[in-house]
Each structure stands twice: as C-alpha cells, then as structure tokens.
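See structure below.
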Amino acid sequence: MAKVCVAGAKRWAIGLLAVATVTGGVWALAGWLVPLPTSASADGPTLRLYAGADEIAVLHGLSHRAQVWRPLEEFPRGVVDAVLVAEDRRFFQHRGIDVPAVFRALATNARRGEIRQGASTITQQLARTLFLTRERGWGRKLHEAALALVLEFRYSKPRILEAYLNTIYLGQDGDVAVHGLPAAARHYLGKDLAAVRADEAALLAGAISSPNKTLGDRPDRARTARASVLSEMRRRGLLDEARAREAMARPLPAETGRTRLRAPYFVDLAREEIGHRLSLPAMGEVRIATSLDPTLQRAAERAVQEGLDRIERRRGGRPGTIESALVAIEPASGQIRALVGGRRYLDSPFNRATRAARQPGSLFKPLVYLAAFELGPRGQSAPITPASLVRDEPLTVNADGRTWTPRNVDGRLLGNVTVRRAVEESRNVPAVRVALDVGLDRIVEVAQRVGIRSPLAAVPSLALGTSEVTLLEITGAYGALANGGVRAVPTTFAAGAPPAGAQVNVPLPATTPAVSAESAFLVTHLLRGVMRQGTGKASLRWGLSDVTAGKTGTTDGLRDAWFVGYTPELVVGVWVGRDDGSPLGLSGAEAALPIWAATMAAAVRQTPPKP
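Start counting the sequence shown at 65; every next residue gets the next number (our numbering).
Structure, rendered in structure tokens:
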C-alpha cells in the first residue's frame with residue numbers, strides 16, 4: 065500500500081512538474097512573441113533647441129516619433145482615471161476582452177452593416193499599437209483579441225497599463241508621430257505630465273479614439289471630447305461637482321490646434337544637421353543654440369502667406385495650390401536666420417527650401433559673370449569687365465548633335481551691349497555668349513566653389529539656369545557674393561551658448577575663400593544696378609534699391625519664380641511655384657520679389673545695413 069502511495073505521489077509530482085514546465089514554456093514563449101516595450105526602448109536624449117533665450121522645440125531623440133517613457137507610479141491619478149473612463153472602464157475586471165462590450169458592438173455594427181463601433185479594451189488597443197496595422201476588418205479584430213489574451217496571460221495589469229499609457233498614438237504633427245500621454249502633455253500642452261490639470265487630462269484621454277481630429281483645428285470636437293470624459297468622471301465620483309464644473313469652464317489650452325509649432329521646417333533641418341554633425345549621449349538632456357531669429361522668422365512666414373494670398377487673388381483658381389519657400393542667411397557665418405519650406409507645415413512637411421530641386425532660370429546668370437570676372441575668357445588675355453561689350457545678335461550652337469538658338473525674353477536683339485546692361489535687363493543671348501567664351505566646365509567649377517552641390521550639366525543652356533538646384537544652395541551661393549567671395553556653409557547652429565544646462569560644443573562650419581573679393585564686388589555692383597533700373601526695380605516701393613543687390617529668376621513657361629537679394633548682413637532667397645511643376649504664370653519680379661521685399665524690409669528695420 066505504501067508503495068502504491070509513493071508511486072502515486074511520484075506521478076502527481078511528475079505531472080505537476082510537466083504542467084509547470086509547459087506553463088513556464090508558454091509564459092516564456094508569450095514574452096518572446098509579444099514583448100512589451102520598456103523605458104529603455106523609448107528613452108533617448110531630449111534635445112531642447114533655443115533661439116536666443118526662446119525655446120523653439122523639444123525633440124525626443126532624432127527620430128520622427130515623439131515619446132517619453134514614465135513609470136506607472138509617476139502618472140497622476142487623475143490622468144489614469146480619465147483614460148480608464150474614456151477607453152476601458154472595466155479594465156481591471158476583464159481578462160483582455162470585454163465580452164458585454166463585444167456583444168453591444170456586434171449588435172450596433174450588424175444594424176449598420178459595417179464596423180462602426182469598436183469594443184477594444186486597453187489590452188486590445190495595446191496589441192494593435194504594438195503589433196498590428198490600423199485597418200478595419202473582422203480578421204484584424206480576431207487577431208487583436210488573440211494577442212490581447214496572450215498579453216493578459218503573460219503580463220500584469222499594471223504592466224499592461226503602463227505600456228499603454230506610454231505608447232498609445234496621440235496624433236500626427238507634420239511628420240512627427242506623438243505616442244504616449246507624457247509626450248502628448250509636452251507636445252500639446254507644453255508641460256510635464258505631473259502638472260496636467262483635470263481638464264487637460266480629460267482632453268488628452270478624450271482624444272485617444274480620434275487624436276488628429278480632436279487635437280487638430282476643430283476646437284468644437286476638443287470641447288465635446290473633454291466634456292464627455294469630465295461628465296463620466298463626475299458621474300462615477302472621480303471628480304466632485306465643483307471640480308468638474310471648474311474643469312468644464314476652463315478654455316481649451318492655447319496650444320491645442322498646433323499653433324505652438326515654431327519654425328517647423330527650420331527645426332526639421334536642424335534635426336538633420338544634428339544627426340550629421342553631433343555625437344549625442346544615449347540619454348539625458350542636451351540644449352542646443354540655433355541660429356534662428358524669431359522676429360525675422362515671423363516676418364518671413366507672414367510675407368510668404370500674404371504673398372501667396374495676393375497671388376491667388378490675382379490669378380484665381382483653386383486656393384492653396386501655389387507654394388513658396390524662403391531662406392535668410394547671414395553671409396559672414398552661414399547661420400540661417402529664417403527658413404520657410406512651404407505655406408503650411410501640417411498640410412505638407414516637405415521642405416521646398418532644402419529638398420525641392422528646380423531650374424533657377426536667370427538667377428544662375430550672375431554665376432556665369434562671376435566665372436567670367438574670376439577666370440576670364442578661355443585662351444584670351446583681355447579680361448571681361450562690366451563695361452565689356454557683348455554681342456546681342458543671332459546665335460545658334462550645337463549641343464549633343466542638335467542645334468539650339470537662345471532667345472531674349474523681349475524677342476529683340478540689340479547688337480552690342482555692355483555686360484552691365486545685359487545683367488540689368490537679364491538678356492539671354494549675351495549670357496550664353498559669355499558662358500561659351502569662358503568655358504562651360506569652368507562655370508561649373510566656379511558654381512561649385514560658391515556652394516552649388518547639385519549636378520550641373522555643362523551644356524550651353526546652363527547659362528540660362530536649366531540645371532536644377534535647391535533654394536538653399538543658390539541662396540548660399542549668393543551669400544558668397546555678399547561676403548566678398550568667401551563661402552560660409554549654411555548652418556542651423558549658432559555661435560553662442562544656449563541657456564544654462566547640459567549642452568554640446570557645436571562649432572560653426574569653417575568659411576572658405578571661393579573667389580576673389582574683386583570678382584564678388586563686380587557681380588554685386590552689377591546686381592545693385594538690377595535693383596535700381598533693372599528687373600528688380602520694383603523694390604523701389606519698399607525703399608530697398610539703394611541698400612541691396614539682387615536678381616530675379618524665371619523659368620520657361622513661367623513655371624518657377626525666384627528672387628535672391630542681399631545686403632552685407634543678410635541674403636534672402638525666395639521661390640514661388642507649384643509642386644506639380646505646372647505653370648505659375650508669373651515672373652520672378654511679380655511673384656517672388658514682393659515676398660523677398662517684405663522680409664528684407666523687416667530685416668532692415670531690425671538691423672539697418674552698415675554704410
């Protein structure tokens with residue numbers, strides 16, 4: 065009998081061991097299949113970007129994902145309560161699937177004939193956020209439910225809730241995806257999670273189901289979502305009557321609607337430069353002084369918006385189809401003082417100032433004459449000067465086995481003209497003749513010296529700006545003219561230090577002599593004439609003709625309109641056109657110059673040019 069008992073006990077022990085082994089294996093497998101993120105997976109350095117004493121951006125690392133991890137115990141009770149009320153009131157009662165809620169949703173969706181109401185628990189939402197796409201369908205719902213059961217088997221409720229609160233998607237801000245309540249508090253409210261009030265917690269919680277609509281440009285949706293959460297919290301006794309009334313009476317946070325975005329295209333470029341030039345710590349906080357001038361940036365943004373509105377009123381058609389970009393650079397240092405990459409970042413974060421390569425048209429001609437002054441005609445001893453005569457007569461050239469005949473915009477040929485007149489009137493035929501005399505390969509060389517990095521085709525039409533460049537490139541090249549022939553690489557960094565705090569050493573890029581001061585002076589002298597009596601004389605209205613040098617640019621078919629002009633202290637470049645390349649129907653003087661002039665006038669008022 066004793067032997068039977070011993071044998072039975074052994075079998076029970078072996079069975080229990082087998083069950084424990086299998087359970088442990090399944091538990092470990094579940095952790096491998098559905099790993100929850102931790103603070104280590106979300107952490108990275110926090111980058112605070114400053115323009116002088118103003119903080120213009122907080123970046124959570126260099127990715128386009130805003131996320132800050134906080135342990136569950138650091139979440140205010142009111143924030144957790146608001147989320148549970150808004151998203152999963154039975155979170156601590158169910159095991160991943162809320163069966164009564166499922167039946168309610170099934171009945172509603174059956175009546176409507178489509179999936180309109182969900183019953184996803186917090187655990188299911190976490191599974192979807194971490195492991196699935198956001199598409200709707202029965203297959204995904206089943207997959208989501210299965211993953212939720214695995215998560216509930218593998219992890220504790222507090223662990224699941226912590227992961228959810230730190231990872232749930234809370235909207236798209238341009239190309240930055242905001243994840244988690246801590247990042248949302250910083251991004252939308254401008255404060256740390258610990259400082260979030262009841263009304264703000266209700267707003268963020270109410271936005272989870274539809275963040276882009278609730279936290280976008282529809283304050284009515286934001287108020288409705290907030291009121292719904294606050295009312296339910298009051299009904300459940302989580303807020304007393306007085307606090308609930310006070311919270312509902314508060315105005316929406318000023319940051320909601322994304323008015324908080326400050327120079328977003330500039331910040332994106334700064335993010336790129338930080339990634340290329342700096343070695344960042346794995347964690348902690350880094351403060352970086354940027355080159356942005358907030359006053360000039362606001363003036364530039366206003367000039368772009370008002371300029372585009374004016375053009376659309378004049379041209380008619382569907383509003384919002386014309387785009388513009390603007391760059392303002394300090395020539396001596398290369399520091400970018402203002403940058404606008406498009407009319408509205410939230411609609412299109414594509415940076416047209418740095419990424420859109422377009423034909424510059426006549427804007428390229430000053431680089432042709434710069435090469436002529438710097439290198440002279442190939443094989444000739446006589447130099448070219450502003451007083452030199454160039455034939456404005458019929459010209460046909462062979463290129464790649466085909467003939468090409470350049471024509472002037474006004475259709476006229478004037479015979480011999482001075483270089484000065486050719487530049488002021490932006491005449492095409494003389495520019496091509498000079499380019500051929502100097503040598504197309506040598507013009508490419510000089511253009512590269514002053515900062516053009518895009519490929520330039522050494523063909524006769526190069527003189528008329530047929531090779532595509534970016535606005536930042538061509539504006540930087542004009543900066544070398546303004547700086548006496550010395551090139552400064554454009555940068556978003558400032559020479560000064562940011563406000564007290566952890567910071568990295570950010571040296572400005574070195575300057576490089578590109579061409580002689582004499583050659584740069586001669587081109588600047590010609591471009592001053594453009595402003596007084598040439599294609600840029602419309603600047604007289606702004607009182608800028610006597611203090612600036614500049615040049616218009618217009619491409620064939622009036623597709624792209626440009627203007628770049630400068631003082632010794634600032635060079636500003638503007639492009640106007642359509643993203644699809646269809647004709648704009650306006651010249652550089654008509655479309656781009658007014659935007660440039662409004663920006664430059666603001667800069668001159670702020671810092672008058674030195675005599």
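Positions of the beta carbon are idealized from the N, C-alpha and C atoms, including for glycine.
Item                                                                                                   : Value
Alpha helix (DSSP H) segment containing Leu536, residue limits                                         : 535-546
Burial state of Asn480, where buried means 16 or more other Cβ atoms lie within 10 Å                   : exposed
Separation of Gly637 from Asp145, as counted between CA atoms                                          : 52 Å
Of the listed residues Gln512, Val553, Ala435, Leu344, nearest to Ala495 (C-alpha basis)               : Ala435
Identified DSSP bridge partners for Thr467                                                             : Asn462
Ala574 versus Asp501 - alpha carbon distance                                                           : 33 Å
Presumed contact (8 Å Cβ cut-off) between Leu535 and Val391, rounded CB distance                       : 6 Å
N- and C-terminal bounds of the alpha helix (DSSP H) containing Gln480                                 : According to the sequence as given, residue 480 is Asn; it is not Gln. Note, Asn480: premise wrong, no alpha helix (DSSP H); beta strand (DSSP E) at 479-482.
Alpha carbon of Pro164 to alpha carbon of Tyr219, nearest angstrom                                     : 23 Å
Terminal residues of the beta strand (DSSP E) in which Ile393 lies                                     : 387-393
For Phe217 and Thr85, the rounded distance between their alpha carbons                                 : Interpretation of Thr85 is limited by its pLDDT of 40, a score under 50 that renders its predicted location unreliable; the figure taken from the coordinates is listed afterwards. Answer to the nearest angstrom: the Cα atoms are 16 Å apart.
Stretch-stretch touch, CB-based, cutoff 8 Å, three pairs: the segment 542-551 with the segment 618-632 : yes
Distance, Glu457 Cα to Thr706 Cα                                                                       : Nothing in the structure corresponds to residue 706, since the chain is present only between 65 and 675.
CB contact below 8 Å: Val391 versus chain D                                                            : In the structure shown, chain D cannot be found, because there is only a single protein chain.
Ala148 - partner residues in DSSP beta bridges                                                         : The question names Ala, but residue 148 is Leu in the sequence shown. Answer is none; Leu148 lacks a bridge partner.
Boundaries (first-last residue) of the beta strand (DSSP E) holding Ile400                             : 400-404
Stretch pair the segment 580-591 + the segment 437-447: three plus CB contacts closer than 8 Å         : yes
Residues that DSSP places opposite Gly641 in a beta bridge                                             : Glu387, Asp624
Segment limits, alpha helix (DSSP H) that includes Glu226                                              : 221-231
Collapsed DSSP secondary structure at Phe195 in the structure displayed                                : helix
Nearest-angstrom Cβ-Cβ length linking Gly348 and Leu572, presumed shorter than 8 Å                     : The pair is not a contact, with the Cβ atoms about 24 Å apart (cut-off 8 Å).
Whole-number beta carbon distance between Gly593 and Arg484, since they are thought to touch under 8 Å : 6 Å
Cutoff 7 Å; reference Ala92; Cβ partners in own chain excluding five residues on either side           : Only weak support is given to the placement of Ala92: the predicted model assigns it a pLDDT of 40, under 50, and the value that follows is read from those uncertain coordinates. No residues qualify anywhere along the chain.
Assigned exposure category for Arg407 - 16 Cβ within 10 Å defines buried                               : buried
CB contact flag (Ala327, Ala666, <8 Å)                                                                 : no
Cβ-based burial, Arg401 [other Cβ within 10 Å; buried from 16]                                         : buried
7 Å CB neighbourhood of Glu226 in its chain, flanking five on each side removed                        : Pro135, Leu136
Val454 to Thr482 span [Cα, whole Å]                                                                    : 6 Å
CA-to-CA distance, Ala259 to Ala656, given in whole angstroms                                          : 45 Å
Contacting residues, own chain, Cβ-Cβ under 7 Å from Ala334 (five flanking each side not counted)      : Leu113, Thr354, Thr556
C-alpha gap between Leu648 and Ile386, whole angstroms                                                 : 8 Å
Candidates Ile352, Thr185, Pro101, Arg159, of which the one nearest Pro562 by Cα                       : Ile352
CB-CB length for Tyr228 against Pro275, believed under 8 Å                                             : No, Tyr228 and Pro275 are not in contact; Cβ-Cβ is about 14 Å, not under 8 Å.
Buried versus exposed, by CB contacts within 10 Å (16 or more), Gly621                                 : exposed
Span of the beta strand (DSSP E), counted from its first residue to its last, around Leu113            : 110-115
CB of Thr616 within 8 Å of CB of Gln423, strictly                                                      : no
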